[in-house]
Amino acid sequence: MRQSNASSVERGLLLIALLCAVHGVPARLLSESPSSSVASATQSANAPYTRWMPPGRSLQDARLGKRMKEKILRDVGATPDLEREVLAAEKYTTVLPFTVGDASHPRRLIRVWGGLCGSGVCPMLIYDAASGQKLLQEDGWDFQFLPTMHAGARDVMVRHKDGCCNGSTVFYRYDGSRYRLSRTTSDHR
Numbered sequence: 663m664r665q666s667n668a669s670s671v672e673r674g675l676l677l678i679a680l681l682c683a684v685h686g687v688p689a690r691l692l693s694e695s696p697s698s699s700v701a702s703a704t705q706s707a708n709a710p711y712t713r714w715m716p717p718g719r720s721l722q723d724a725r726l727g728k729r730m731k732e733k734i735l736r737d738v739g740a741t742p743d744l745e746r747e748v749l750a751a752e753k754y755t756t757v758l759p760f761t762v763g764d765a766s767h768p769r770r771l772i773r774v775w776g777g778l779c780g781s782g783v784c785p786m787l788i789y790d791a792a793s794g795q796k797l798l799q800e801d802g803w804d805f806q807f808l809p810t811m812h813a814g815a816r817d818v819m820v821r822h823k824d825g826c827c828n829g830s831t832v833f834y835r836y837d838g839s840r841y842r843l844s845r846t847t848s849d850h851r
């Protein structure tokens, strides 16, 4: 019976060490007090989530017209007949205004990160703030503005997940009127 308990403890410690490694918690935390280990492990486990959360306002708090909000809700896949789904989309969809172009001809755009995600893939869109025209619509798990610029706007990178081990990275360039596909790379893990 004692040997059984020892092997259970060993398996438990091995599992904890594995979880710590996956979430990037340093091994030294295993020897610290339980309360500090739990706090650090929780922060580390939440770090990837907070790292990918885009800045901005929720759609319900964004200062947009009713038509624009309705268009965004439709584009992120919220079904107008399902009030609960619309409320969730308004709460979890993030809106971030930004400006492209030079100071003499600025163009105001809106970046949208849809909150209704399936299998780790979220709708990501860019609109013209004045006209409501959709300039880019993609689905992915990572959306970044790159340091390179074309026509006064930063290039965009979107990462996709095509299963547990496959994915792709898609790059877009702004051509002065909309974002256009520039290249795609395959990511195999």
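Take 663 as the starting number for the sequence shown in my numbering and just add one per residue. Heads up, the beta-carbon is just placed ideally off N, CA and C, and yes, glycines get one too.
What does a CB cutoff of less than 6 Å around residue i pick up in its chain, not counting 5 residues either side in sequence?
| i | result |
| --- | --- |
| residue 718 | 756, 757, 758 |
| residue 846 | 830, 832 |
| residue 822 | 802, 829, 830 |
| residue 836 | 812, 813, 815 |
| residue 754 | 777 |
| residue 696 | Note that residue 696 has pLDDT 36, beneath the 50 cutoff, so the model's placement of it is unreliable and the number below is only indicative. No residues qualify anywhere along the chain. |
| residue 763 | 769, 814 |
| residue 715 | Note on residue 715: pLDDT 43, under 50, position unreliable in the model; no value is reported. |
Residues in its own chain within less than 7 Å of residue i by CB, not counting five upstream and five downstream?
| i | result |
| --- | --- |
| residue 749 | none |
| residue 834 | 798, 817, 818, 841, 842, 843, 844 |
With burial defined as no fewer than 16 other Cβ atoms inside 10 Å of the residue's Cβ, what is the status of residue i: buried or exposed?
| i | result |
| --- | --- |
| residue 805 | buried |
| residue 939 | As displayed, the chain neither begins before 663 nor continues past 851, which places residue 939 out of reach and without an answer. |
| residue 800 | buried |
Please look up how many angstroms separate the CB atoms of residue i and residue j, rounded, as I've assumed it's under 8 Å.
| i | j | result |
| --- | --- | --- |
| residue 852 | residue 734 | Since the first and last residues shown for the chain are 663 and 851, residue 852 lies out of range. |
Where DSSP assigns a beta bridge to residue i, which residues make up the other side?
| i | result |
| --- | --- |
| residue 758 | 773 |
| residue 798 | 788 |
| residue 847 | 831 |
| residue 720 | 756 |
| residue 811 | 816 |
Counting only the same chain and skipping the five closest in sequence on each side, list residues whose C-beta sits under 8 Å from that of residue i.
| i | result |
| --- | --- |
| residue 794 | 729, 730, 733 |
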